[in-house]
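Let me begin by presenting the structure, written as structure tokens, before commenting on it.
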Amino acid sequence: MNLDEEFHSKALGGLAVCMTVRETFTFSSVMVKNVVFCEAKEIVAPRMIDASFDGIIGLGCRKAENELPLLLESLHEIGAIDHLIYSVFFKRNFSGGEFILGGINPDKYHGIMTFTEAADETEWKFYATGITLGMHTVRHDSFVALLNPGSHYLYGPKEDVDLIHASLGCDLLKTYCYVNCSTVEELPDLRIYVNDIQLVLRGEDYIRRLDNFSGPICMSTFVGKAKVQYWELGYPFLSSIYTVYDLEQNRIGLAQASTSAALASTRYLSELIPLESLFLVIYLFVFN
257 MNLDEEFHSK ALGGLAVCMT VRETFTFSSV MVKNVVFCEA KEIVAPRMID ASFDGIIGLG
317 CRKAENELPL LLESLHEIGA IDHLIYSVFF KRNFSGGEFI LGGINPDKYH GIMTFTEAAD
377 ETEWKFYATG ITLGMHTVRH DSFVALLNPG SHYLYGPKED VDLIHASLGC DLLKTYCYVN
437 CSTVEELPDL RIYVNDIQLV LRGEDYIRRL DNFSGPICMS TFVGKAKVQY WELGYPFLSS
497 IYTVYDLEQN RIGLAQASTS AALASTRYLS ELIPLESLFL VIYLFVFN
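First residue of the sequence shown? That's 257 in the working numbering, and the numbers climb one at a time after it.
This is the structure in structure tokens:
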């Protein structure tokens, strides 16, 4: 892909027409020049017209289809970070999340972090070995899961999602699955198995609450897709699971996100990142 070339952004589901340009980006006192930036030129979806964004900076795998240099590589080249790695901690409330370029914050997760080889060289995908919802087995074979922070949903094969919705007591003939808002905390946990650990989503994680003039509505974020065998894990998953993206070793780190971590923590140490390493911390505020 060349500079000044227009294309439909895959990161926004093809909802915006972007043009590749070079810009200077500043993070605190760190300035990065000539970063390739996909500037939004046209919004083609009505629901995105009022969204406020200038464009997209890529943080995908190194061998992305457009072969443009990554922001992470530019930061590493000027010595702003020591490692080609970044980690993400999402929060739904006003305390905000955290995005670290070049490091990991172990205060933002608890239990064991598992590292699994990326299943693709162009997108952040990994292999999982099963899914359960409470006592129900949704699937027990290996499948590919794609991490998509740009989505508010959990997309999966239609047969998998139908099993989940049937277990939740939904009418499978309807497009969306609604549950009684007073029962959300009593809903069974969804468990995704990766290596030797279980990644857990509670009912309040996979059910989205919408408030309107007639009262709250609680809707499942699971969406079934016909003729696909992979899962696409959006914000409901990423707000529950701390994720690490390691370009150096082409792997993904996954751990249960901590709900009681203090934002003021300064302890950034892990088996990957030595204490003296350089990294950049950015706080995220994401709202449904």
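Glycine residues also receive a C-beta, built at the ideal position from the N, C-alpha and C atoms. This one's a predicted model, so the numbers in the text were calculated from it and none came from an experiment.
As assigned by DSSP and simplified to three states, the class of residue i
i    : result
Y462 : helix
T431 : coil
Y449 : strand
F281 : strand
P413 : strand
L315 : coil
A422 : helix
T515 : coil
L455 : strand
Residues sharing a beta bridge with residue i, DSSP
i    : result
F345 : E354
S476 : I463
T276 : C294
Cβ of residue i within 9 angstroms of any chain D Cβ
i    : result
F283 : No chain D is part of this structure, which consists of one protein chain only.
With 16 other Cβ atoms within 10 Å as the buried cut-off, status of residue i
i    : result
F469 : exposed
L428 : exposed
N436 : exposed
I368 : exposed
P472 : exposed
H599 : Residue 599 lies beyond the residue range present for the chain, which begins at 257 and ends at 544; the question has no answer from this structure.
A384 : buried
E488 : buried
K364 : buried
Cut-off 6 angstroms between Cβ atoms - residues of its own chain near residue i, not counting five sequence neighbours on either side
i    : result
T477 : Y409, L410, Y462, R464 and P492
R447 : T388, Q454 and V456
Y432 : M475
V277 : F293 and E295
V484 : P413
Contact set for residue i: own chain, Cβ-Cβ below 7 angstroms, skip 5 residues either direction
i    : result
K381 : A374, A375, V400, A401 and L402
R507 : F371, T372, E373 and A374
R458 : D445
Cβ-Cβ separation, residue j to residue i (assumed contact under 8 angstroms), whole Å
i    : j    : result
V417 : G480 : 3 angstroms
E441 : E460 : 6 angstroms
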